[in-house]
Amino acid sequence: MRVMVLGAGLVGTALARGLRARGHHVTQAGRDTRAGAGTIALDFNALPDDATLVRALSDLDVLVNTVGIFRQTAQQRFAAVHVDTPLRLFAAARSAGVRRVLQVSALGADPASPVPFLASKGRADAALLAHDHLERCVVRPSLVFSPAGAGTRCFAAMAGLPLLPLPGGGRQCIQPLHLDDLVAVLVRLVEAPSVPDTLDVAGPRPLTLRAYLEEFRRAMDTGGATVPVPMWLARAGAWVAARAAPRAPLHPDALAMLVAAGAVDPAPTARWLGHAPRAPEHFFQGLPLERMRRNAMLGWSLPLMRIALALAWIGAGVVLLCADPRAAALELLARVGLQGAPAQAVLWIAALLDIALGAALLLLRRRRLLYAAQLVLVAACTIVITLRLPEQWSHPLGPVLKNLPLLAMIAALSALDRGEGPDRP
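Sequential numbering from 1 applies to the sequence shown in our numbering.
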């Protein structure tokens, strides 16, 4: 069969691989075409005209839409990516004579949902189902487990925390599904003689968020305590986090989707699979758990170190502008040969530079040069103090000695903190 898979993300790439393994001719369409043969460039924000779309789809048997974004950006909007563009593609598929269209949506998708992600997916689902003369199926998967997935990495990082805050006590009901099972169902929907209008795909049983995270902890052998957090406080924290770090996993919509997910009957999933879907306690079999554990620890420790370092820079700059510390700093500058206006200028430049470095650590996504600048600055200050103020090395509070772990921390962040990449459908 000739199949086009829209989307080069986690599900789209796995599905394209699974279909090719079954001998189908697969074209994968997405913004990132570096995968090589069998891929074409397709930007959901800049589709060609309708006639061109019809020609591109004219020789297909099945069109599968796996495109989705969990967070809106200036370049990627829910209305465009989830609704407007898919509707044009569905209409073009009908005109081109495509036999079947599969729409990968999400459990809880509903045009009336207060969650923008679920509402936009629900609008596209309803529009596709309104195409009476087109064989179609809306597939609504539950929470998907995959070591390569951002959501799974986020859960692993949470499970690695020594003190795990659980929104609402972690009582949210979820029904996790392994990516391999989702792909197997989608392959069968491509190949089947007929398909249902809708299909909810979920794991074998519902469990609480707390129980799911405990599965991660058992598999990765990470201990720690848990503390329940009232939902109002979790939502407030997510609201602040979303504005301070828009790409952070903690987001009000993420909490809302956890609440909206709920439980579904696993029997349809089992029928299409031919067996029961994989249970969460078996998700981790065959995985490199030690590496997963290391990555989980880095998942929370790196942001914590970066935030602590940023606050240290900002705090140092603010303190340097205060009256008493400024006088002490001017006295030290006089001992290295700077007095009067030059000393005042150096003080102001140092304070503003400290604050700028801290703010940049919090705001910039690409931080490699920023870490290099900090290493040079801390090393240079340490050398100057060593040469001109050597007695500071023996200060009882160790202000210069503390530069050594600071340098090590900056070097570690420079090597390990890759920054946050852009969202990709």
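A virtual CB, placed ideally from N, CA and C, is assigned to each residue, including glycine.
Since the structure is predicted, the reported quantities are computational estimates derived from the model, not experimental observations.
Boundaries of the beta strand (DSSP E) in which residue i is found, first to last residue
i      : result
Val64  : Val62 to Asn65
Met4   : Arg2 to Leu6
Arg136 : Glu135 to Pro141
Thr73  : Premise fails: Thr73 is in no beta strand (DSSP E) and is neither H nor E.
Ala225 : Ala225 to Val229
Leu397 : Element bounds for Leu397: n/a, residue is neither H nor E.
Leu102 : Arg100 to Val104
Thr222 : First-last for Thr222: undefined, no H or E at that position.
Gly68  : First-last for Gly68: undefined, no H or E at that position.
His25  : His25 to Gly30
Ala41  : Thr39 to Ala41
Closer than 7 Å: residue i CB and nearest the ligand ATP heavy atom
i      : result
Gly223 : As far as ligands go, the structure on display features none, and thus does not contain the ligand ATP.
Cutoff 8 Å; reference residue i; Cβ partners in own chain excluding five residues on either side
i      : result
Arg171 : Thr208, Leu209 and Arg210
Arg271 : none
His25  : Met1, Arg2 and Val3
Thr338 : One point to set straight first is that residue 338 is Leu, not Thr, in the sequence displayed. Closer than 8 Å at Cβ, skipping near neighbours: Val346.
Gly18  : Val183, Ala184, Leu186 and Val187
Ala41  : Ala29, Gly30, Arg31 and Thr33
Cutoff 6 Å; reference residue i; Cβ partners in own chain excluding five residues on either side
i      : result
Arg100 : Val62 and Glu135
Pro204 : Pro266, Ala276, Pro277 and Ala279
Gly421 : Its pLDDT being 41, under 50, Gly421 is placed unreliably in this model, and the coordinates cannot settle the point.
Ser414 : Tyr371
Phe230 : First, the residue type needs correcting, since residue 230 is Pro and not Phe in the sequence shown. If we look at Pro230 and ignore the five residues flanking it on each side, it has no Cβ neighbours.
Phe284 : Ala219
Residue i classed as buried or exposed, judged by whether at least 16 other C-beta atoms fall within 10 angstroms
i      : result
Ser194 : exposed
Ile293 : Checking the displayed sequence, the identity of residue 293 turns out to be Arg instead of Ile. Counting Cβ neighbours within 10 Å, Arg293 comes out buried, since at least 16 surround it.
Ile383 : exposed
Pro141 : buried
Asp197 : exposed
Glu331 : exposed
Gly315 : exposed
Gly12  : buried
Pro114 : exposed
Val376 : exposed
Val240 : exposed
Thr27  : buried
Cys137 : buried
Trp348 : exposed
Ser58  : exposed
Ala92  : buried
Leu6   : buried
Gly97  : exposed
Ser429 : For the chain, the structure presents residues 1 to 425; residue 429 sits outside this window and is missing.
Pro48  : exposed
Asp181 : buried
Gly23  : exposed
Thr386 : exposed
Pro390 : exposed
Extent of the continuous alpha helix (DSSP H) run through residue i
i      : result
Ala127 : Pro116 to Leu129
Val54  : Asp50 to Leu57
Pro405 : Asn403 to Leu416
Thr514 : As displayed, the chain neither begins before 1 nor continues past 425, which places residue 514 out of reach and without an answer.
Val11  : Leu10 to Ala21
Thr152 : Ala150 to Ala159
Residues near residue i in its chain [Cβ-Cβ closer than 7 Å; skip 5 each side]
i      : result
Leu287 : Pro147
Pro111 : Ala119, Gly122, Arg123 and Ala126
Arg188 : Trp272
Pro399 : Gln392
Leu407 : Leu375, Val378 and Ala379
Ser95  : Val54
Phe70  : Phe117
Arg388 : Arg335 and Val336
Check your understanding: Which runs of the alpha helix (DSSP H), 4 residues or longer, sit entirely within the stretch 235-300?
Key -> For the stretch 235-300, whole alpha helix (DSSP H) runs of length 4 or above, ordered along the chain, are 252-261 and 267-273.
Check your understanding: Which ranges would you report for the alpha helix (DSSP H) in the stretch 332-367 if only whole runs of at least 4 residues count?
Key -> Fully enclosed alpha helix (DSSP H) runs of 4 or longer: 340-363.
Point to revise | Segments of 4+ residues assigned as alpha helix (DSSP H) that fall wholly inside the stretch 161-210 | key: 179-191, all fully within the stretch 161-210.
Exercise for review: Count the C-beta pairs between the stretch 150-169 and the stretch 221-238 that are closer than 8 Å, then say yes if the count reaches three, no if not.
Suggested key: Yes, they touch.
Point to revise | Segment contact, 8 Å Cβ cut-off, at least three pairs: the stretch 347-367 with the stretch 305-324 | key: The stretch 347-367, when compared against the stretch 305-324, does touch it at the 8 Å Cβ threshold.
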